[in-house]
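The next block holds one structure in the form of structure tokens; read it before the comments.
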Amino acid sequence: MANEQRFVDSEAIETVQLDWGTLKWMNTPETTGAAAFSAGMVVLEPGKGHERHTHPDSEEVLYVLSGEGTQTVAEDEREVSSGDMIYIPAGVEHSTVNSSWEPLRFLAMYGPPGPEAEIRDSFEATVLPPGEVPE
24 MANEQRFVDS EAIETVQLDW GTLKWMNTPE TTGAAAFSAG MVVLEPGKGH
74 ERHTHPDSEE VLYVLSGEGT QTVAEDEREV SSGDMIYIPA GVEHSTVNSS
124 WEPLRFLAMY GPPGPEAEIR DSFEATVLPP GEVPE
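What follows is the structure, encoded as structure tokens:
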């Protein structure tokens, strides 16, 4: 059974590092026992982002905390910045790219959980233990 934590310290969570970004999945079935959705912090460095992809079985919500980027959902492309929210239906192609000189930070949520585990377990990911700072 999952931990079922109610409060999650980001320093106590592993970091997933990819060539396009750094992620901390703080609400997952494994950390909190959440069954309906997962959530985590994503940081994209200037000029970085991920290619168009889909999550066939999960909806996604992104909430931009800071920075600026270019968000594509299906054929719709928009500039996004702090305070913007993006809804991505299950199975719809999308991408996010940092279009500024500052890091782009956003909260990513999937319902139901699953894509975060696929990202973590991908061959491209390096998983850093809690407390280790990405290079």
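In the numbering used here, the protein residues as written are 24 to 158. For every residue, glycine included, the Cβ atom is placed at its ideal position computed from N, Cα and C.
Contact check for Gly72 and Ser123: beta-carbon distance about 11 Å, past the 8 Å limit, so the pair fails to qualify. Val120 is not a Cβ neighbour of Val39, given a cutoff of 8 Å. Going by beta carbons, Pro126 and Glu68 fall inside the 8 Å limit. Each residue's CA atom was taken as its position, placing Ser118 and Gln28 some 31 Å apart.
Ala57 is a Cβ neighbour of Asn50, given a cutoff of 8 Å. Three or more pairs of CB atoms, one per stretch, sit closer than 8 Å, so the stretch 70 to 87 contacts the stretch 104 to 113. When secondary structure is reduced to three states using DSSP, Glu83 falls in the strand class. Exclusion of the five residues before and after Pro138 leaves His78 and Ser81 as the residues of its chain whose Cβ lies within less than 6 Å of its Cβ. In chain order, Val115, Glu116 and His117 place their CB closer than 8 Å to the CB of Ala97, counting only its own chain and leaving out the 5 sequence neighbours on each side.
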